[in-house]
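Colleague:
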Amino acid sequence: MRTPQAPLPQQGLFFGPFRLLRYASGVGAVALFLAACTPAEPPPEPVRAVKLVTVGVEALQAYQDYSGEVRARTESRLGFRVAGKIVQRQAELGQRVRAGQALAQLDPQDYQLAASAAQAQVSAAQTQHDLAAADFQRFAALKAQNFISGAELDRREASLKAARATLAQARAQASAQGNQATYTRLVSDVDGVVTAVDAEVGQVVSAGTPVLRIAQDGARDVVFAVPEDKVTRLRVGQAVTVRSWSGGETLQARVREVAASADPVTRTFVVKAGIEAGQVPPLGATVHVTPEALGAVGRSAIKLPTTALRQEGAATAVWVYEPDTGTVRSQAVQVVTADGNEAVITDGLVPGMQVVSTGVHVLTPGQKVSIFEQKSAQSLSGKAQAATKNVVSVPPASAAAASASATR
Numbered sequence: 003m004r005t006p007q008a009p010l011p012q013q014g015l016f017f018g019p020f021r022l023l024r025y026a027s028g029v030g031a032v033a034l035f036l037a038a039c040t041p042a043e044p045p046p047e048p049v050r051a052v053k054l055v056t057v058g059v060e061a062l063q064a065y066q067d068y069s070g071e072v073r074a075r076t077e078s079r080l081g082f083r084v085a086g087k088i089v090q091r092q093a094e095l096g097q098r099v100r101a102g103q104a105l106a107q108l109d110p111q112d113y114q115l116a117a118s119a120a121q122a123q124v125s126a127a128q129t130q131h132d133l134a135a136a137d138f139q140r141f142a143a144l145k146a147q148n149f150i151s152g153a154e155l156d157r158r159e160a161s162l163k164a165a166r167a168t169l170a171q172a173r174a175q176a177s178a179q180g181n182q183a184t185y186t187r188l189v190s191d192v193d194g195v196v197t198a199v200d201a202e203v204g205q206v207v208s209a210g211t212p213v214l215r216i217a218q219d220g221a222r223d224v225v226f227a228v229p230e231d232k233v234t235r236l237r238v239g240q241a242v243t244v245r246s247w248s249g250g251e252t253l254q255a256r257v258r259e260v261a262a263s264a265d266p267v268t269r270t271f272v273v274k275a276g277i278e279a280g281q282v283p284p285l286g287a288t289v290h291v292t293p294e295a296l297g298a299v300g301r302s303a304i305k306l307p308t309t310a311l312r313q314e315g316a317a318t319a320v321w322v323y324e325p326d327t328g329t330v331r332s333q334a335v336q337v338v339t340a341d342g343n344e345a346v347i348t349d350g351l352v353p354g355m356q357v358v359s360t361g362v363h364v365l366t367p368g369q370k371v372s373i374f375e376q377k378s379a380q381s382l383s384g385k386a387q388a389a390t391k392n393v394v395s396v397p398p399a400s401a402a403a404a405s406a407s408a409t410r
């Protein structure tokens, strides 16, 4: 006989809503989890504002400028004619000196002693000469009386001649030693300026070692170096324009000397041009030198600010603005030289193109850009006035009450 089963409790009325709530919460959590795992879309690339310059062609004078230095036409390296130790130097770098002015001094003691010894030799030779002369006179008198033979008189005459030669030799040696003593004092031969000091007090120098360098007053030259592919076009007597880096008048010069061989290190040829009348720049001044023989008038070129250039691999490039799409593209250019803050370009651009002039290192090919427009001072002033009108004036009592309320 089957036992009747007890009826199940009616749970739907009590437990159903909570079960549905749990199910809904689980579904919501899964949805949130899936939403968190989905990658967010990247923000749109910002449109950068750029400054543009319009490409134009300029007619340039394609003269070749070189850097030169103003030097004295005659520059002497002065040194002592004898060896010794420098005990005094009376000239400094940049000092003006006159002909006959003492410049430096060696220790003269040894040379003075040698001069004194040579003078003593002169005295001894003079004594021997006087004795030989007296003997010759006596023997000549005896020969006149036939008391001696002619051969004896000849011997006395030979002794006198030898004594006379010895005296002359001693005098010459004494003079040379005296000169050696005076050579211990270095004296300027010309009027000029000390341009270099090559030895100091206490230094032992040999004969001929340069001690000072003197630039002689008078004519001035500008010295510059020319590459070997241009030197064949220069000739002695051709005109040269000289301009100081610090400004001032333009001077005229003429080629005076062209080196016959290239410098072994720089492989350039040294050219000297004599500066003609005018206010000559100071010695050692750096100047611009423009040989007219190396110029060509009427060459067309494009100038751009150097800030517009960028390096793209081994080439130089600029960003060209495309007005139809509002984007930029890279364009390689050929730069031949610089003119102040501008670069001279001969290839890669055509007149009318618009080139980005600043901020070129943050752009990419095809990037959208906007044209930067400088706001006028009038518009800025209007905005400032509008901002002033929007300021609300607060009475002092209200401000104090508000401050106290904020403190509480």
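Residue 3 is where the sequence shown starts when you use my numbering, and the numbers rise one by one after that. Just so it is clear, CB atoms sit at the ideal spot from N, CA and C, and this is done for glycine as well.
Going by DSSP, what residue range makes up the beta strand (DSSP E) through Gly105?
Modeller: The sequence shown places Leu at residue 105, not Gly. Unbroken beta strand (DSSP E) run through Leu105: Ala104 to Leu108.
Colleague: Spatial neighbours of Gln114 within its chain, please: C-beta separation below 6 Å, excluding the five flanking residues on both sides.
Modeller: Cβ within range, chain order: Ala183.
Colleague: Pull up the CB-CB distance for Leu412 and Leu214, whole angstroms please, since I reckon it's below 8 Å.
Modeller: With the chain represented from 3 up to 410, any question about residue 412 goes unanswered, as that position is not in the structure.
Colleague: Going by DSSP, name the residue or residues bridged to Arg331.
Modeller: Per DSSP, Val322.
Colleague: Buried or exposed for Leu22, going by 16 or more other Cβ atoms inside 10 Å?
Modeller: Model confidence at Leu22 stands at a pLDDT of 49, short of 50, so the residue's coordinates are unreliable; what they give is reported in the following sentence. So Leu22 ends up on the exposed side.
Colleague: My output table needs one value for Gln273: the three-state DSSP class, helix, strand or coil.
Modeller: According to the sequence shown, residue 273 is Val rather than Gln. Three-state DSSP puts Val273 in a strand.
Colleague: For Gly194, is the classification buried or exposed, using 16 other Cβ atoms within 10 angstroms of its Cβ as the cut-off for buried?
Modeller: Burial call: buried.
Colleague: Compare the beta carbon distance of Val330 and Gly368 with 9 Å and say whether it is the shorter of the two.
Modeller: A contact, by the Cβ cut-off of 9 Å.
Colleague: Whole angstroms is fine: what's the gap from Gly234's alpha carbon to Ala262's?
Modeller: At residue 234 the sequence reads Thr, which differs from the Gly that was named. If you take the alpha carbons of Thr234 and Ala262, they lie about 11 Å apart.
Colleague: For Ala334, which residues in the same chain have their Cβ closer than 6 Å to its Cβ, ignoring the five residues on either side in sequence?
Modeller: If we look at Ala334 and ignore the five residues flanking it on each side, its Cβ neighbours are Ala317, Ala319 and Gly350.
Colleague: Could you check what DSSP says for Val207 in three-state terms: helix, strand or coil?
Modeller: Val207: strand per DSSP, three-state reduction.
Colleague: Opposite Val196 in the DSSP bridges: which residues?
Modeller: Note: Val196 sits in a beta bridge opposite Ile216.
Colleague: Tell me where the alpha helix (DSSP H) around Ala119 begins and ends.
Modeller: Segment Gln111 to Ala146, the alpha helix (DSSP H) holding Ala119.
Colleague: Relative to the C-alpha of Val371, which candidate in Leu296, Gly354, Val352 and Thr327 has its C-alpha closest?
Modeller: Residue Thr327 is the option with its Cα nearest to Val371.
Colleague: Just to confirm before moving on: does the CB-CB distance between Glu259 and Lys274 stay below 9 Å?
Modeller: Contact: yes.
Colleague: When DSSP builds the beta bridges, which residues end up paired with Thr339?
Modeller: BP columns for Thr339 point to Val346.
Colleague: Under the rule that 16 or more other beta-carbon atoms within 10 Å means buried, what is Asp132, buried or exposed?
Modeller: Burial call: exposed.
Colleague: In whole angstroms, give me the CA-to-CA distance for Ala241 and Val196.
Modeller: Whole-angstrom Cα-Cα distance: 30 Å.
Colleague: Apart from the five residues just before and just after Ala255, which ones in its own chain have a Cβ nearer than 7 Å to its Cβ?
Modeller: So the list reads Val224, Val242, Val244, Ala275, Gly276, Ile277 and Glu278, once near-sequence residues are dropped.
Colleague: For the alpha helix (DSSP H) holding Gly152, just list the boundary residues, first then last.
Modeller: Where Gly152 is concerned, the enclosing alpha helix (DSSP H) stretches over Gly152 to Thr184.
Colleague: Which residues in the same chain as Ser208 place their Cβ atom closer than 7 Å to its Cβ, once the five residues preceding and following it in sequence are excluded?
Modeller: Contacts found: Ala85.
Colleague: Starting from Leu95, trace the beta strand (DSSP E) both ways and give me its first and last residue.
Modeller: First-last for Leu95: undefined, no H or E at that position.
Colleague: Does DSSP classify Arg235 as helix, strand or coil?
Modeller: In this structure, Arg235 counts as helix in the three-state DSSP scheme.
Colleague: For Gln90, list the residues DSSP reports as bridge partners.
Modeller: DSSP, once it has assigned bridges, lists Gln107 as partnering Gln90.
Colleague: Pick helix, strand or coil for Thr243, following the three-state DSSP scheme.
Modeller: Note: Thr243 maps to strand in three-state DSSP.
Colleague: Taking the beta carbon of Arg158 as the centre, do at least 16 other beta carbons fall within 10 Å, making it buried, or is it exposed?
Modeller: Buried is the call here.
Colleague: For Val362 and Arg98, I'd like the C-alpha separation in whole angstroms.
Modeller: Cα to Cα, the separation comes out at about 54 Å.
Colleague: Which stretch, first to last residue, makes up the beta strand (DSSP E) that contains Phe374?
Modeller: Counting along the chain, Phe374 falls outside any beta strand (DSSP E), and DSSP gives it neither H nor E.
Colleague: Give the single residue among Tyr323, Glu344, Leu285 and Ala340 whose Cα lies nearest to the Cα of Thr1.
Modeller: Since the first and last residues shown for the chain are 3 and 410, residue 1 lies out of range.
Colleague: Tell me whether the beta-carbon of Gln66 lies closer than 9 Å to the beta-carbon of Thr292.
Modeller: Yes, these two residues count as a Cβ contact at 9 Å.
Colleague: For Ala1, collect the residues of the same chain with a Cβ closer than 6 Å to its Cβ; drop the 5 residues on either side in sequence, then sort them by chain order.
Modeller: The chain is shown only over 3 to 410; residue 1 falls outside these bounds and no answer can be derived.
Colleague: Kindly indicate which three-state DSSP category Gln387 falls into: helix, strand or coil?
Modeller: Annotation note: pLDDT 47 at Gln387 (below 50); position unreliable, no value reported.
Colleague: Going by Cα to Cα distance, which pick from Ser359, Gln175, Gln90 and Asp112 is closest to Tyr323?
Modeller: Among Ser359, Gln175, Gln90 and Asp112, the Cα nearest to that of Tyr323 belongs to Ser359.
Colleague: Just mark Val52 as buried or exposed, buried being the case when its beta carbon has 16 or more other beta carbons within 10 Å.
Modeller: So Val52 ends up on the buried side.
Colleague: Would Gly152 be called buried (16 or more neighbouring beta carbons within 10 Å of its own) or exposed?
Modeller: When all chains shown are included, Gly152 counts as exposed.
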